[in-house]
Amino acid sequence: MSKGLLIVLSGPSGVGKGTVCKELRQRMPELVYSVSATTRQPRAGEEHGVNYFFKTHEEFQAMIDNDQLLEHARYVDNYYGTPRDFVEQTIGSGKDIILEIEVQGALKVKEKFPEGVFVFLLPPSMEELKDRIVGRGTENQATIDHRLSVAVDEMGLLEYYDYAVVNDQIDLACKRIESIIVAEHCRVHK
Ligand SMILES: Nc1ncnc2c1ncn2[C@@H]1O[C@H](COP(=O)(O)OP(=O)(O)OP(=O)(O)O)[C@@H](O)[C@H]1O
Ligand SMILES: Nc1nc2c(ncn2[C@@H]2O[C@H](COP(=O)(O)O)[C@@H](O)[C@H]2O)c(=O)[nH]1
Numbered sequence: 001m002s003k004g005l006l007i008v009l010s011g012p013s014g015v016g017k018g019t020v021c022k023e024l025r026q027r028m029p030e031l032v033y034s035v036s037a038t039t040r041q042p043r044a045g046e047e048h049g050v051n052y053f054f055k056t057h058e059e060f061q062a063m064i065d066n067d068q069l070l071e072h073a074r075y076v077d078n079y080y081g082t083p084r085d086f087v088e089q090t091i092g093s094g095k096d097i098i099l100e101i102e103v104q105g106a107l108k109v110k111e112k113f114p115e116g117v118f119v120f121l122l123p124p125s126m127e128e129l130k131d132r133i134v135g136r137g138t139e140n141q142a143t144i145d146h147r148l149s150v151a152v153d154e155m156g157l158l159e160y161y162d163y164a165v166v167n168d169q170i171d172l173a174c175k176r177i178e179s180i181i182v183a184e185h186c187r188v189h190k
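With full-length UniProt numbering as the guide, the letters of the sequence shown map in order to residues 1 to 190.
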């Protein structure tokens with residue numbers, strides 16, 4: 001049996017990764033979602049095991065020490081990481097998995113899985129990015145400012161990705177990513 005695709009969806013905070021990923025999973029129910037671990041506090045409506053595995057710093061450190069994370073990164077004021085076994089078991093069973101992670105983590109995954117499919121989601125403009133993150137209303141002003149300043153550096157890492165997808169409209173962004181996944185399944189491996 002051939003392995004499933006490991007798809008990494010990355011991009012600056014507020015670009016719409018979560019929104020696009022949610023819609024994509026509805027359109028492609030066979031696509032498995034990798035639930036990350038984080039030390040961030042849950043937002044209203046977020047559920048443990050669904051949106052994230054919410055961890056204390058001690059629990060997160062234990063996951064690192066026990067080599068349970070495929071990658072992890074400190075982003076702004078918190079730690080985020082991808083549970084390793086779930087990813088490896090999913091692709092090993094021939095299913096495609098999508099990781100929705102920030103750029104430092106994505107580059108670490110690329111070192112371990114160069115055959116992965118690395119997609120960078122771009123905002124139509126930096127003004128629109130700011131409007132989206134402010135409009136979401138989940139972060140305080142200091143965190144928004146920090147995330148936007150990090151975003152400028154993150155955009156500079158686009159060249160390490162395989163695909164650049166503009167999230168101008170959710171429907172179009174999803175269609176572009178669906179096309180990428182279909183094309184990757186047709187790739188001739190040399
Ligand atoms: N194409 C779009 N057009 C307009 N608004 C959008 C679009 N995509 C997402 N949004 C809105 O932008 C905000 C940020 O989206 P989302 O939370 O999905 O971003 P994110 O990249 O996952 O952010 P983070 O990295 O901070 O978790 C949300 O309020 C969402 O509804
Ligand atoms: N390196 C990783 N980054 C991750 C992971 N899970 C999520 N993220 C990214 O963190 C930021 C902030 O997320 P938020 O939920 O606090 O807004 C965002 O870019 C996520 O994509 C992970 O496992 N590893």
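We put the beta carbon where it would ideally sit given N, CA and C, even for glycine.
Small disclaimer: the values here were computed from a predicted structure and weren't measured.
DSSP state of residue i, grouped into three classes?
i, result
"residue 161", "coil"
"residue 72", "strand"
"residue 53", "strand"
Kindly indicate the opening and closing residues of the beta strand (DSSP E) around residue i.
i, result
"residue 44", "That residue, residue 44, is in no beta strand (DSSP E); it is neither H nor E in DSSP."
Which residue comes first and which comes last in the alpha helix (DSSP H) that contains residue i?
i, result
"residue 24", "17-27"
"residue 178", "170-185"
"residue 143", "141-155"
"residue 92", "84-92"
"residue 35", "Looking at the DSSP string, residue 35 is not in any alpha helix (DSSP H), and its letter there is neither H nor E."
"residue 122", "Unbroken run through residue 122 is the beta strand (DSSP E), 117-122; no alpha helix (DSSP H)."
Check the C-beta distance from residue i over to residue j and give it rounded, since I have them as a contact under 8 Å.
i, j, result
"residue 60", "residue 92", "Actually they are not in contact, since the Cβ atoms of residue 60 and residue 92 sit about 25 Å apart, beyond 8 Å."
"residue 118", "residue 8", "5 Å"
"residue 177", "residue 32", "Their Cβ separation, rounded to whole angstroms, is 15 Å, which puts residue 177 and residue 32 out of contact at 8 Å."
"residue 147", "residue 76", "6 Å"
"residue 97", "residue 36", "No, residue 97 and residue 36 are not in contact; Cβ-Cβ is about 12 Å, not under 8 Å."
ask   = What residues sit near ligand 1, counting only those whose C-beta is closer than 5 Å to one of its heavy atoms, in chain order?
value = 13, 14, 15, 16, 17, 18, 19, 132, 136, 167, 170
key: Three CB pairs or more closer than 8 Å across the segment 162-172 and the segment 115-135   = yes
query = Would you call the segment 67-74 and the segment 106-121 touching, i.e. three or more CB-CB distances under 8 Å?
reply = yes
query = Can at least three beta-carbon pairs, one atom from the segment 124-134 and one from the segment 10-27, be found at a separation below 8 Å?
reply = yes
task = Mind the definition here: the segment 83-92 touches the segment 131-143 only if three or more C-beta pairs lie below 8 Å; say whether that holds.
result = no
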